[in-house]
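J.:
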Amino acid sequence: MEKILSVNNLEQKFDLNRGILDKIKFRNGRFIKEERIVNAVNDISFDIKQREVFSLVGESGCGKSTTARTIIKLIEPKGGTVKFKGNNITNISGNEMLKYRKKMQMIFQDPYASLNPRQKVIDILVEPMLFHKVANNLQEAREKALDILEKVGLRPEQATRYPHQFSGGQRQRIGIARALAVEPEFIIADEPVSALDVSIQAQILNLLMELKDEFNFSYLFIAHDLSVVKHISDNLGVMYLGKIVEKGSKEHIFNNSLHPYTKALFSAIPRLSGTNLRKSKGIEGEIPSPISLPSGCFFHERCPYMKPICREVMPEEKEVEKDHFVLCHLY
Ligand code: SF4
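Have a look at this one:
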């Protein structure tokens, strides 16, 4: 299948210094230059094929959402390349990016924060349709908007209400409808269910999958919980401290996970044993600061299998079986 997205050696960094003077510090009787850089995304590569769901999973703060925002160029990449359907969009201007914005849409974790509270639902959908010329006139846009609202499970009479008049799950449906309004080919869903009640999560996940089958688009799905992505993913990348430490098909990751961090993520999922919810073990220790990355393997301070080489040398990515990659000295 043809690739819709290719991400190669992507990097994202944020300079915490407010200017050159902020970098000059007085230490032990002399002035030194001290830079404080957050290394949020560190040389990651993956491909997403047409109609595929690729999920990025990892603990909060591992760089998944920053990766998503960098791909869609809400933040300019600091290194590497992003190609959409073979076109390099890494360094194109905001104007050139407009035609890709229509094809690449994003669904956010907090739908309320991403919806204009002063706009009625119908206008939230109609405005981007007219801007991106998906509809020829207001009448056509309104008809299409009502169609989409029905597809996401909202009634026509709800179209004239404001976002605050809806529940969390309904607001996420509006966020999904807004993404669909411009007929995208690729959707980034950034933790789209993590702010919702567990009972609503399954409904929204099912809706996203039904829409994918109907409209044939591809997803980059961001989640911190492996159990959320189990049923919807074709392929996954497991992220730790801005790096993909393991990637492969759903079968590879769920049936034969190899990286100690992936295994630790699995052990952190609470399991039902008999009638009791077995307490999960969790992952020992804290994620190190992305301002001062550890030497060698980024996971070595928390890894139960750490060897002396792990402290010194960053492992290279190895393909341990077809299309199953891991970044670990054990392999
Ligand atoms: Fe653990 Fe070493 Fe593998 Fe890193 S490289 S995950 S420290 S065994």
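Residue numbers (numbering that gives the first Met the number 0): 0 to 330. A virtual CB, placed ideally from N, CA and C, is assigned to each residue, including glycine. Given the structure is predicted, the values throughout are model-derived calculations rather than measurements.
So does the stretch 144 to 151 actually touch the stretch 120 to 128, counting three or more Cβ pairs closer than 8 Å?
T.: The stretch 144 to 151, when compared against the stretch 120 to 128, does touch it at the 8 Å Cβ threshold.
J.: What separation, rounded to the nearest whole angstrom, lies between the Cα atoms of CYS327 and SER113?
T.: Residue numbering aside, residue 327 sits at position 328 when the sequence shown is read from its first letter. Residue numbering aside, residue 113 sits at position 114 when the sequence shown is read from its first letter. Rounded to whole angstroms, CYS327 to SER113 spans 38 Å at the Cα level.
J.: Give me every residue whose Cβ sits closer than 5 Å to any heavy atom of ligand 1, in chain order.
T.: Result (chain order): PRO259, CYS296, PHE298, HIS299, CYS302, TYR304, MET305, CYS309, PRO314, CYS327, HIS328 and LEU329.
J.: Three-state secondary structure (DSSP) at ARG68?
T.: As a first step, residue 68 is located in the sequence shown; it is residue number 69 there, counting from the start. Of the three classes helix, strand and coil, the one that applies to ARG68 here is helix, per DSSP.
J.: Could you have a look at ALA188 and say whether DSSP puts it in helix, strand or coil?
T.: As a position in the sequence shown, residue 188 is number 189, starting the count at 1. DSSP places ALA188 in strand when its eight states are reduced to three.
J.: If you draw a straight line from the alpha carbon of ALA333 to that of TYR304, how long is it in whole angstroms?
T.: Limits of the chain in this structure are 0 at one end and 330 at the other, which puts residue 333 out of reach.
J.: Helix, strand or coil for SER266 per DSSP?
T.: Within the sequence shown, the letter at position 267 stands for residue 266. Correct three-state label for SER266: helix.
J.: Would you kindly work out how many angstroms separate the C-alpha atoms of LEU153 and GLN171, rounded to a whole number?
T.: Position 154 of the sequence shown, counting from 1, holds the residue named residue 153. Position 172 of the sequence shown, counting from 1, holds the residue named residue 171. Computed Cα separation, rounded: 11 Å.
J.: If distances are taken between C-alpha atoms only, which option among ASP122, GLN118, GLY168 and GLN202 comes closest to ALA194?
T.: Your numbering for residue 194 matches position 195 in the sequence shown. Nearest option by C-alpha distance: GLY168.
J.: Quick check on DSSP: helix, strand or coil for VAL133?
T.: Here the question's residue 133 lines up with position 134 in the sequence shown. Coil at VAL133, not helix or strand.
J.: Tell me which residues share the same chain as ILE121 and place their Cβ nearer than 7 Å to its Cβ, disregarding the 5 neighbours each side in the sequence.
T.: Taking the first residue of the sequence shown as position 1, residue 121 is located at position 122. Correct list, in chain order: ARG141, ALA144, ALA158 and THR159.
J.: Of all the options LEU329, GLY247 and LYS72, which has the alpha carbon lying nearest to the alpha carbon of SER232?
T.: Taking the sequence shown and counting its residues from 1, the one referred to as residue 232 is at position 233. The residue with the shortest Cα to Cα distance from SER232 is GLY247.
J.: Is it a yes or a no for the stretch 4 to 15 touching the stretch 78 to 90, going by three-plus beta-carbon pairs under 8 Å?
T.: Segments in contact, yes.
J.: Alpha carbon to alpha carbon, how far is GLU139 from GLU285? Give it in angstroms, no decimals.
T.: Taking the first residue of the sequence shown as 1, we reach residue 285 at position 286. Taking the first residue of the sequence shown as 1, we reach residue 139 at position 140. Spanning the two alpha carbons is a distance of roughly 53 Å.
J.: ARG117 lies in the beta strand (DSSP E); which residues open and close that run?
T.: The residue labelled residue 117 in the question sits at position 118 within the sequence shown. From DSSP, ARG117 is part of no beta strand (DSSP E); its letter is neither H nor E.
J.: Could you tell me the distance, in whole angstroms, from the CA atom of LEU276 to the CA atom of TYR161?
T.: Reading the sequence shown from its first residue, position 277 is the one you call residue 276. Reading the sequence shown from its first residue, position 162 is the one you call residue 161. Residue confidence is low: LEU276 scores 44 on pLDDT, short of 50, so the model does not pin down where it sits. Its coordinate-derived value is still stated next. Their backbone Cα atoms lie some 40 Å apart in a straight line.
J.: Does the stretch 183 to 203 touch the stretch 212 to 229, meaning 3 or more C-beta pairs lie closer than 8 Å?
T.: The stretch 212 to 229 vs the stretch 183 to 203: in contact.
J.: By Cβ distance, which residues of its chain are closer than 6 Å to PHE324, with the 5 residues on each side in sequence left out?
T.: Translated into positions along the sequence shown, residue 324 becomes position 325. Here the set comprises LYS246, GLU316 and GLU318.
J.: List the whole-angstrom C-beta distance separating HIS251 from VAL237, where the pair is believed to meet the contact cut-off of C-beta under 8 Å.
T.: Position 252 of the sequence shown, counting from 1, holds the residue named residue 251. Position 238 of the sequence shown, counting from 1, holds the residue named residue 237. Not a contact, Cβ separation roughly 11 Å.
J.: Please name the residue or residues paired with SER217 in a DSSP beta bridge.
T.: One-based indexing of the sequence shown puts residue 217 at position 218. Partner(s): PHE185.
J.: Around the C-beta of LYS98, are 16 or more other C-beta atoms found within 10 angstroms, so that it is buried, or is it exposed?
T.: Translated into the one-based positions of the sequence shown, residue 98 becomes position 99. The residue in question, LYS98, is exposed, as its Cβ has fewer than 16 Cβ neighbours within 10 Å.
J.: Would you check if the distance between the CB atom of GLU283 and the CB atom of PRO293 is smaller than 7 Å?
T.: Position 284 of the sequence shown, counting from 1, holds the residue named residue 283. Position 294 of the sequence shown, counting from 1, holds the residue named residue 293. It is not a contact, given that the beta carbons lie outside the stated cut-off.
J.: Pick helix, strand or coil for ASP196, following the three-state DSSP scheme.
T.: Translated into positions along the sequence shown, residue 196 becomes position 197. It is coil, neither helix nor strand.
J.: Can you have a look at GLY295 and say buried or exposed, based on whether 16 or more other CB atoms are within 10 angstroms of its CB?
T.: Looking up residue 295 in the sequence shown gives position 296. GLY295 comes out buried.
J.: Can you pull the DSSP bridge partners for ASN331?
T.: Residue 331 lies beyond the residue range present for the chain, which begins at 0 and ends at 330; the question has no answer from this structure.
J.: What span of residues does the beta strand (DSSP E) with ASN234 cover, start to end?
T.: Reading the sequence shown from its first residue, position 235 is the one you call residue 234. It spans 234 to 239 - the beta strand (DSSP E) in which ASN234 sits, taken as one unbroken run.
J.: Grab me the residues of PRO287's own chain with a C-beta within less than 8 Å of its C-beta, minus the 5 sequence neighbours each way, in chain order.
T.: The residue given as residue 287 occupies position 288 in the sequence shown. Counting only Cβ-Cβ distances below 8 Å, and skipping sequence neighbours, we find LEU240, PRO293, PHE297 and GLU300.
J.: Starting from SER294, trace the beta strand (DSSP E) both ways and give me its first and last residue.
T.: Translated into positions along the sequence shown, residue 294 becomes position 295. No beta strand (DSSP E) holds SER294; DSSP gives it neither H nor E.
J.: Sort out for me which residues DSSP pairs ALA158 with in a bridge.
T.: In the sequence shown, the residue the question calls residue 158 occupies position 159. The partner list for ALA158 (beta bridge, DSSP) is empty, contrary to what the question assumes.
J.: Tell me the DSSP secondary structure of GLU139 in three-state form.
T.: Sequence index remark: in the sequence shown, residue 139 carries index 140 (1-based). GLU139: helix per DSSP, three-state reduction.
J.: Using CA atoms only, rank isn't needed, just tell me which of THR261, GLU156, ILE186 and SER291 is closest to PHE220.
T.: Here residue 220 corresponds to residue number 221 of the sequence shown, with the count starting at 1. Here the closest residue by C-alpha is ILE186.
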